[in-house]
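Top line first, the protein sequences correspond to chains A and B. Going by UniProt numbering, the first residue of the first sequence is number 1, and it counts up by one from there. Going by UniProt numbering, the first residue of the second sequence is number 1, and it counts up by one from there. Ideal Cβ positions, reconstructed from N, Cα and C, are used throughout, including at glycine. Let me begin by presenting the structure, written as structure tokens, before commenting on it.
There are 2 protein chains.
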Amino acid sequence: MTGADGLMSGVMIPRSTFASMVTERLRANIVDGSMQPGSQLSEVELATSFGVSRGPVREALQRLIQEGLLISEPHRGVFVPVLTDEDVRDVYVAREALESAAIRSIISGATTAAAYESLDLLVTRMGQAEAAGDWAAVGNIDLEFHVALVDASSSPRLKRMFTTVISETRLCLGVLTADDARDDLVEEHRLICEAMREGDTDQALAVLTRHFDDAVVTLLNRHAPGAAAPGVGVEEMS
Amino acid sequence: MTGADGLMSGVMIPRSTFASMVTERLRANIVDGSMQPGSQLSEVELATSFGVSRGPVREALQRLIQEGLLISEPHRGVFVPVLTDEDVRDVYVAREALESAAIRSIISGATTAAAYESLDLLVTRMGQAEAAGDWAAVGNIDLEFHVALVDASSSPRLKRMFTTVISETRLCLGVLTADDARDDLVEEHRLICEAMREGDTDQALAVLTRHFDDAVVTLLNRHAPGAAAPGVGVEEMS
DNA sequence: CGAGTGTATGTTGTCAACAACTTTCAGTTG
DNA sequence: CAACTGAAAGTTGTTGACAACATACACTCG
């Protein structure tokens with residue numbers, strides 16, 4: 001469904017490399033839910049749909065596999081992962097590990113000049129989106145906030161690991177609905193900012209932990225009623 | 001210097017894939033210091049030396065780049081990274097993030113049956129190695145211990161991220177000498193085990209933090225006197 | 001003599017074809 | 001009729017050759 005129009009819009013000179021472009025477009029397609037979990041990705045299909053050879057496609061798939069956004073069964077194919085409840089919990093375990101470290105690093109480090117500004121701005125924007133009832137925007141800004149948080153830690157490795165985990169978060173998040181958006185969401189982010197400004201590490205971490213625990217509960221409750229078989233594949237019977 | 005004997009020892013049937021084998025062997029060659037930091041890796045050279053085509057080599061390089069064990073400058077080549085002092089600190093920031101989360105997960109989780117056994121065993125072995133004066137073994141067991149620690153968390157994502165970071169640790173560690181091996185090293189690991197057994201999260205995390213701070217200081221002091229230019233490349237002038 | 005330029009070389013990026021593997025399904029046999 | 005065997009289809013894994021890019025060096029021109 002991604003269109004067979006090819007990879008670029010007329011100019012025949014790729015700015016960086018085909019592999020990078022395919023990677024980004026594939027990642028976008030995966031996290032926005034347009035590729036169903038459990039489905040197999042055919043290399044030739046992707047290649048033709050993107051208008052490139054199998055080489056760059058293979059490279060892009062490799063990157064996304066290493067990121068955890070795709071799983072590869074050798075000699076069989078690559079599949080969009082289906083996240084179990086356990087996976088959802090694990091994603092948030094990883095997020096708590098990374099973001100806690102980021103907060104600690106920010107508070108103890110010499111950073112924090114313009115970083116707080118952008119964080120505050122995001123909280124403000126989130127408040128506006130919430131007031132407008134635009135839950136999709138609220139969700140996006142939420143993720144933006146946490147990315148900015150880790151960015152502010154000025155730790156390349158924390159950042160690198162977080163890009164993966166935040167992608168997985170998007171993967172198991174889908175789109176945020178009114179039900180998912182708890183009304184204390186904006187408040188929690190504001191509290192985190194505040195605690196960090198005051199250098200209150202414990203308070204910031206406590207709020208973060210609570211924030212994540214709530215998110216996990218919400219996500220699991222959402223998935224619980226619908227899906228009967230949370231296990232393996234989503235193969236469709238013809 | 002890796003020998004041009006080819007990739008396998010006679011049997012012509014690769015058990016998994018060439019790319020995986022090349023990845024592992026390359027990773028080993030990088031972390032054991034046999035490839036000098038700053039040096040460029042030529043795809044054709046590696047391909048011929050491994051006795052395979054450029055495809056699998058390229059795939060292996062991609063994986064290691066994504067892991068952070070190699071850096072890629074587009075259209076120029078891939079290089080063995082040279083770790084600055086800042087990088088060393090950052091590696092241990094990442095390790096603290098991951099291992100702290102692992103400890104928390106272990107203590108709060110339902111795991112911990114046979115996990116403690118293997119951890120204790122490693123501490124014992126480390127003590128023996130230290131008594132024997134085998135500092136290389138002490139270093140290896142040290143890393144083994146921390147891998148086992150994260151394994152015990154039963155968090156796939158923590159594990160996945162940790163494999164990368166522990167490789168980077170090996171990269172900036174080189175070989176452990178008598179100077180690096182502080183005599184309280186075994187004791188610290190034993191304390192971590194003990195605190196975890198008692199469920200004393202704060203104590204375990206405190207010991208871990210101290211453990212890492214000491215390690216960073218030791219590593220930076222080791223590099224400080226020798227290298228005059230800690231910055232960029234190690235290009236050799238002909 | 002210095003600055004700019006054109007070429008030469010070696011690299012990575014990309015491609016299309018080949019080979020190996022896994023799965024599926026029809027056919028056969030007990 | 002069930003279970004096994006064989007080929008067939010479709011997939012990934014691998015290869016060697018081609019093209020584009022970046023750098024280094026010799027050359028020319030001021």
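Identify whether Ser34 (chain A) lies in helix, strand or coil by the three-state DSSP scheme. In the first sequence, residue 34 (chain A) corresponds to position 34, counting from 1. Of the three classes helix, strand and coil, the one that applies to Ser34 (chain A) here is coil, per DSSP.
Verify the contact flag: Arg104 (chain B), CB atom, against every heavy atom of the ligand SAM, threshold strictly below 8 Å. The ligand SAM is not among the ligands present in this structure, which contains no ligands whatsoever.
Burial state of Gly68 (chain A) (16 or more Cβ within 10 Å): For this step, residue 68 (chain A) is matched to residue 68 along the first sequence. By the 10 Å Cβ count, Gly68 (chain A) comes out buried.
Taking 9 Å as the CB-CB cut-off, is Thr93 (chain A) touching chain B? As a working note, residue 93 (chain A) is residue 93 in the first sequence. Thr is not the amino acid found at residue 93 (chain A); the sequence shown has Val there. At least one chain B Cβ lies under 9 Å of Val93 (chain A).
Counting only beta-carbon atoms, is Pro37 (chain B) nearer than 9 Å to chain A? Position 37 of the second sequence, counted from the first residue, corresponds to residue 37 (chain B). Closer than 9 Å: no.
Distance, Cα to Cα, Gly38 (chain A) vs Ser72 (chain A)? In the first sequence, the residue the question calls residue 38 (chain A) occupies position 38. In the first sequence, the residue the question calls residue 72 (chain A) occupies position 72. Gly38 (chain A) and Ser72 (chain A): Cα-Cα distance of roughly 12 Å.
Ends of the alpha helix (DSSP H) at Val78 (chain A)? Locating residue 78 (chain A) in the first sequence gives position 78, counting from the first residue. Taken as a continuous stretch (DSSP letters only), Val78 (chain A) belongs to no alpha helix (DSSP H), being part of the beta strand (DSSP E) at 77-79.
With 16 other CB atoms within 10 Å as the buried threshold, where does Val31 (chain A) fall? One-based indexing of the first sequence puts residue 31 (chain A) at position 31. So Val31 (chain A) counts as buried.
Pick out whichever of B:Pro56, B:Gly199, B:Ala215, B:Arg210 has its Cα sitting closest to the Cα of Arg104 (chain B). One-based indexing of the second sequence puts residue 104 (chain B) at position 104. For the residues B:Pro56, B:Gly199, B:Ala215, B:Arg210, the minimum Cα distance to Arg104 (chain B) belongs to B:Gly199.
DSSP state of Glu73 (chain B) mapped onto helix, strand, coil: As a first step, residue 73 (chain B) must be located in the second sequence, where it is residue number 73. Reduced to three states, the DSSP call for Glu73 (chain B) is strand.
Spatial neighbours of Arg190 (chain B) within its chain, please: C-beta separation below 6 Å, excluding the five flanking residues on both sides. In the second sequence, counting from the first residue as 1, residue 190 (chain B) sits at position 190. So the list reads Val123, once near-sequence residues are dropped.
Mapping DSSP to helix, strand and coil, what is Leu83 (chain B)? As a first step, residue 83 (chain B) must be located in the second sequence, where it is residue number 83. Leu83 (chain B) falls in the coil class under three-state DSSP.
Can you give me the C-alpha to C-alpha distance between Glu168 (chain B) and Leu64 (chain B), rounded to a whole angstrom? Along the second sequence, read from residue 1 onward, the residue named residue 168 (chain B) stands at position 168. Along the second sequence, read from residue 1 onward, the residue named residue 64 (chain B) stands at position 64. Each residue's Cα considered, the two are about 11 Å apart.
In chain B, which residues lie less than 7 Å from Thr17 (chain A) when you measure between Cβ atoms? Residue numbering aside, residue 17 (chain A) sits at position 17 when the first sequence is read from its first letter. Those are Pro74, listed as they occur along chain B.
To test your reading of the DSSP string, which unbroken alpha helix (DSSP H) runs of 4 or more residues are found completely within the segment 82-132 of chain A? 85-108, 115-132
Same chain, Cβ closer than 6 Å to Val165 (chain B), neighbours up to 5 away in sequence not counted: Sequence index remark: in the second sequence, residue 165 (chain B) carries index 165 (1-based). Excluding residues within five positions, the ones whose Cβ falls inside 6 Å are Ala94, Arg95.
Pick from A:Leu149, A:Ser100, A:Glu24: whose alpha carbon is nearest that of Ala113 (chain A)? On the first sequence, position 113 is the one that residue 113 (chain A) refers to. Answer by Cα proximity: A:Leu149.
Contact between the segment 48-59 of chain B and the segment 74-94 of chain B (3+ Cβ pairs under 8 Å): no
Using C-beta distances below 7 Å, list every residue in its chain close to Gln203 (chain B), excluding the 5 sequence neighbours before and after it, in chain order. By one-based count along the second sequence, residue 203 (chain B) stands at place 203. Cβ within range, chain order: Ala195.
If contacts are defined as beta-carbon pairs under 8 Å, then Ala97 (chain B) and Leu143 (chain A) qualify, I think. What distance do you get, rounded to the angstrom? On the second sequence, residue 97 (chain B) is found 97 positions in, with the first residue counted as 1. On the first sequence, residue 143 (chain A) is found 143 positions in, with the first residue counted as 1. Incorrect: roughly 19 Å between the Cβ atoms, too far for contact.
7 Å Cβ cut-off: residues of chain B touching Asp90 (chain A): Within the first sequence, the letter at position 90 stands for residue 90 (chain A). Residues of chain B passing the Cβ test: Ser155, Pro156, Arg157.
According to the neighbour-count rule (16 or more other Cβ atoms, all chains shown, within 10 Å of its Cβ), is Leu220 (chain A) buried or exposed? Residue numbering aside, residue 220 (chain A) sits at position 220 when the first sequence is read from its first letter. Counting Cβ neighbours within 10 Å, Leu220 (chain A) comes out exposed, since fewer than 16 surround it.
Are the Cβ atoms of Ala102 (chain B) and Ser155 (chain B) separated by less than 9 Å? As a working note, residue 102 (chain B) is residue 102 in the second sequence. As a working note, residue 155 (chain B) is residue 155 in the second sequence. It is a contact, given that the beta carbons lie within the stated cut-off.
Please tell me whether Gln62 (chain A) has its Cβ less than 9 Å away from any Cβ of chain B. Counting from 1 along the first sequence, the entry for residue 62 (chain A) is found at position 62. So yes, Gln62 (chain A) belongs to the interface.
What's the call for Ala136 (chain A), buried or exposed, on a 16-neighbour Cβ count within 10 Å? Numbered from its first residue, the first sequence carries residue 136 (chain A) at position 136. Counting Cβ neighbours within 10 Å, Ala136 (chain A) comes out exposed, since fewer than 16 surround it.
Pull up the CB-CB distance for Leu70 (chain B) and Cys172 (chain B), whole angstroms please, since I reckon it's below 8 Å. As a working mapping, residue 70 (chain B) is identified with position 70 in the second sequence. As a working mapping, residue 172 (chain B) is identified with position 172 in the second sequence. Not really, about 14 Å apart at Cβ, beyond 8 Å.
Determine, using beta carbons only, whether Met161 (chain A) comes closer than 9 Å to chain B. Counting from one through the first sequence, the residue named residue 161 (chain A) turns up at place 161. For Met161 (chain A), the answer is yes, since a Cβ of chain B falls inside 9 Å of its Cβ.
Considering only DSSP beta bridges, list what Leu41 (chain A) is partnered with. Your numbering for residue 41 (chain A) matches position 41 in the first sequence. A:Val78, per the DSSP bridge assignment.
Rounding to the nearest angstrom, what Cα-Cα distance links Leu185 (chain A) and Leu208 (chain A) in this structure? Within the first sequence, numbered from 1, the residue matching residue 185 (chain A) stands at position 185. Within the first sequence, numbered from 1, the residue matching residue 208 (chain A) stands at position 208. Cα-Cα distance, rounded: 11 Å.
Same chain, Cβ closer than 6 Å to Phe18 (chain B), five either side skipped, listed in chain order: For the purposes of this step, residue 18 (chain B) is identified with residue 18 of the second sequence, where counting begins at 1. Hits under 6 Å: Val52, Pro56.
Find out if the Cβ-Cβ distance for the pair Gln40 (chain B), Phe79 (chain B) is shorter than 9 Å. As a position in the second sequence, residue 40 (chain B) is number 40, starting the count at 1. As a position in the second sequence, residue 79 (chain B) is number 79, starting the count at 1. Yes.
Between Arg89 (chain B) and Val216 (chain B), which are expected to be in contact by the criterion C-beta below 8 Å, what is the C-beta distance as a whole number of angstroms? One-based indexing of the second sequence puts residue 89 (chain B) at position 89. One-based indexing of the second sequence puts residue 216 (chain B) at position 216. Yes, Arg89 (chain B) and Val216 (chain B) are in contact; Cβ-Cβ is about 6 Å, under 8 Å.
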